[in-house]
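Have a look at the structure below before the remarks.
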């Protein structure tokens, strides 16, 4: 079903300011599926950063599982955040790989397995992002109010927020159905399916969905302001590694939440039923997605720069890897030396 009701056409060419009057919008001011599709066709920089970040976070996760770090609470939380980042980058790479395989100019029609994977990615990515954001709030609240608010209360409050976010995302995307669609030219033949939902229901839930996105923005803003204010009162805290680590993580997540919220504001404030502005919106989402990927790549560097324990674990891993490479070289040279010794003894006899 088209999102437009076509009105009577005229023989004269419509101007830029009059063209939108030829159509009447049913539900939305823009085609959300087209916007999502072109946003997913991310830039080369975004794709490169996703590959680099996935490799980086696999190494980051391995370091966080070392004996020196895995028993410390702050690094246990960061390890879960790292796992959530891996989910984000894997989703981006899997979807781009599937789009590369299909190579179809059409937006909606895809094989059934592709649409099922798309639905899983659409559910897991925001869920992982919200869970990691809640964990950063847990770190900052426990660091700012270690005695005022019990750690168990902090844990259950943040766990409740993360659980509510996860349930909401699963419930929201469970209303999308995979239905048959018209065939479209592609790199290989397949039975076409597309995702479809009740537009009236989606329009009713859209405002609530956008309001929920603003909640993490408010919470992270309050967290960063209180931490900055705490620096002004207790300047000696600037020398504490844990304080700087938690603050930089909070600042990183605040940046990502502001970028997400700017897309929502663009939608509600600037977006009008003009095709040109819709194109700007799509391009803005692509740029925002690339910047978000860059922000997520900083999590490993924050640990590397601010934590001496993390840096020591990396150096220990590097020394162990270097010794392993040296031992391989020695094992290759030993048989040659022993053979030479044996041949010399034979000649002497």
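Residue numbers (our numbering): 195 to 543. Backbone N, C-alpha and C fix where the C-beta goes; we use that ideal spot for every residue, glycine too.
{"query": "Residue 390, DSSP secondary structure in three states", "result": "strand"}
{"query": "Pairwise C-alpha distance: residue 387 and residue 204", "result": "Interpretation of residue 204 is limited by its pLDDT of 41, a score under 50 that renders its predicted location unreliable; the figure taken from the coordinates is listed afterwards. The straight-line gap from Cα to Cα measures roughly 36 Å."}
{"query": "Proximal residues to residue 335 (C-beta, below 6 Å), its chain only, five neighbours per side dropped", "result": "348"}
{"query": "For residue 147, three-class secondary structure by DSSP", "result": "Since the first residue shown for the chain is 195 and the last is 543, residue 147 is missing from the structure and cannot be characterised."}
{"query": "Closest by C-alpha distance to residue 391, when choosing among 377, 378, 401 and 373", "result": "373"}
{"query": "Residue nearest to residue 401 in terms of C-alpha spacing, selected from 499, 255 and 461", "result": "461"}
{"query": "Secondary structure of residue 439, DSSP reduced to three states", "result": "helix"}
{"query": "Among 496, 485 and 312, the one whose alpha carbon lies nearest that of residue 436", "result": "496"}
{"query": "Supposed contact pair residue 257 and residue 504 - C-beta distance, whole angstroms, cut 8 Å", "result": "7 Å"}
{"query": "Beta-carbon proximity of residue 329 to residue 271, cut-off 8 Å", "result": "yes"}
{"query": "CB of residue 446 within 8 Å of CB of residue 500, strictly", "result": "no"}
{"query": "Anticipated Cβ contact below 8 Å, residue 370 with residue 406, distance rounded", "result": "Not really, about 18 Å apart at Cβ, beyond 8 Å."}
{"query": "Pairwise C-alpha distance: residue 280 and residue 333", "result": "20 Å"}
{"query": "Residues sharing a beta bridge with residue 434, DSSP", "result": "Per DSSP, none; premise fails for residue 434."}
{"query": "Among 283, 268 and 260, nearest to residue 244 - alpha-carbon criterion", "result": "283"}
{"query": "Residue 330: first and last residue of the uninterrupted alpha helix (DSSP H) it sits in", "result": "306-338"}
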